[in-house]
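One gets this note's numbering by counting positions in the sequence shown from 1 and adding 46 to each.
Just so you know, even glycine gets a beta-carbon here, dropped at the ideal spot from N, CA and C.
What you are looking at is a predicted structure, and each value in this text was computed from that prediction instead of being measured.
Written out below as structure tokens is the structure these notes cover.
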Amino acid sequence: MGLMGATADAALEAGGHVVGVIPERLMNREVGHRGLTELHVVQTMHERKKVMAELADAFVALPGGIGTLEELFEVWTWRHLGYHDQPIGLLNVGGFYDPLLTFMNHTRDAGFIDDAQQEMLTVSADAADLLERLATEATRAGGPEDFSRI
């Protein structure tokens, strides 16, 4: 559905390998994409996020709602706490996330986060640029050098 479905369809049409993770409850509501390369059906949203984190080479947030924001902040927090070292990207298409980025600058200026925490988030308005920057970051951390399979 939505941007996730459109992104999955575009990747599949381009010959990409697409892995989905969905809770059984949503799958039963026929929300799941049945044409993916791999589809993992799990019991809970917590299990979904755990499986996604285990499978991910990087995390990228597209414009979205509360679920997207919740997952973005969770993987960002996990990285800060040392639970993973995968790069985190924010695709700021058309300035969608400008208000959030302004708020994050405000939280930094108020002393609630520091520059190192803020720098864990790579932001770009261009998908190709964002993937290139994430690949460079992942390579420095010992991860994959090529995100072209994404």
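Residues of its chain near residue i, where Cβ-Cβ distance is below 7 Å and the 5 sequence neighbours each way are ignored
| i | result |
| --- | --- |
| L167 | W122, I134 and L136 |
| G51 | H79 |
| V97 | V67, H86 and V88 |
Beta bridge counterpart(s) of residue i as assigned by DSSP
| i | result |
| --- | --- |
| T168 | G135 |
| A107 | L136 |
| V88 | P69 |
Continuous beta strand (DSSP E) stretch holding residue i: start and end
| i | result |
| --- | --- |
| I68 | V65 to P69 |
Nonlocal neighbours in the same chain, by C-beta distance under 6 Å from residue i, ignoring five residues either side
| i | result |
| --- | --- |
| E59 | none |
Delimiting residues of the alpha helix (DSSP H) encompassing residue i
| i | result |
| --- | --- |
| A173 | A173 to R186 |
| V77 | Where V77 is concerned, there is no enclosing alpha helix (DSSP H), given that its DSSP letter is neither H nor E. |
| I112 | I112 to H126 |
| L82 | L82 -> no alpha helix (DSSP H), and no H or E assigned at all. |
| D55 | G48 to E59 |
| H152 | D144 to D155 |
Minimum C-alpha distance to residue i - residue among the options
| i | options | result |
| --- | --- | --- |
| H63 | A184, A54, L180 and G140 | A54 |
| Q163 | T185, M150 and M73 | M150 |
| G113 | Y129, P145, L101 and M91 | M91 |
| A138 | D103, R75, G110 and E93 | Strictly speaking, residue 138 in this sequence is Asn, with Ala absent from that position. Residue G110 is the option with its Cα nearest to N138. |
| L72 | R94, A107, A184 and L82 | R94 |
| L82 | E100, H152 and A56 | A56 |
Nonlocal neighbours in the same chain, by C-beta distance under 8 Å from residue i, ignoring five residues either side
| i | result |
| --- | --- |
| R195 | Residue placement at R195 is flagged as unreliable, the pLDDT there being 45, under the threshold of 50; the coordinate-derived value follows with that caveat. Cβ within range, chain order: G62 and H63. |
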